[in-house]
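The next block holds one structure in the form of structure tokens; read it before the comments.
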Amino acid sequence: MKFMKKRNYEGSLRKVWSDDKEVCFGVVGTVGDLLQEGILEYADYSPETWAFLPAPGVIQKPWFGKTRQDALANLPKM
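Number 4 in the numbering used here belongs to position 4 of the sequence shown; there are no gaps in the numbering.
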């Protein structure tokens with residue numbers, strides 16, 4: 001997996017791509033950053049919790065965890 005961010009962005013949000021950059025799986029980041037960027041409107045999780053939100057068309061469920069790796073644990077290994 002490859003993690004891509006916007007130029008000069010310092011937060012935790014990253015787009016999650018396959019190694020060959022053919023498939024965008026979704027976005028991963030802390031709940032606090034997802035709320036701050038307006039991707040989430042509301043969350044019952046602490047701002048330090050990591051979340052994975054799938055891209056449209058990707059058959060995957062949103063997933064939460066204590067670390068980025070925990071949030072991505074449900075993705076298929078590439």
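All C-beta atoms in this analysis are idealised placements derived from N, C-alpha and C, irrespective of residue type, glycine included.
All of these numbers come straight from a predicted model, not from anything done at the bench.
*Could you pull out every residue in the same chain whose Cβ sits closer than 7 angstroms to the Cβ of P62, ignoring the five residues on either side in sequence?*
Here residue 62 corresponds to residue number 62 of the sequence shown, with the count starting at 1. Around P62: A51, F52, L53 and P54.
*asked:* Please report the distance separating the alpha-carbon of F64 from that of C24.
replied: Position 64 of the sequence shown, counted from the start, is the residue given in the question as residue 64. Position 24 of the sequence shown, counted from the start, is the residue given in the question as residue 24. So the two alpha carbons sit approximately 18 angstroms from each other.
*Exposed unless 16 or more other CB atoms sit within 10 angstroms - verdict on A71*: The sequence position of residue 71 within the sequence shown is 71, counting from 1. Buried, by the Cβ-count rule.
*Helix or strand or just coil, what does DSSP make of G32?*
As a working mapping, residue 32 is identified with position 32 in the sequence shown. Of the three classes helix, strand and coil, the one that applies to G32 here is helix, per DSSP.
_Close-in-space but distant-in-sequence residues of the same chain around F3 (CB under 8 angstroms, 5 per side omitted)_ = Within the sequence shown, residue 3 is the residue found at index 3, counting from 1. R14, K15, V16, W17 and V28, listed in sequence order.
_By alpha-carbon positions, which one of E48, K5, T49 and K66 ends up nearest to G26?_
As a working note, residue 26 is residue 26 in the sequence shown. Checked all of E48, K5, T49 and K66; the closest Cα to G26 is K5.
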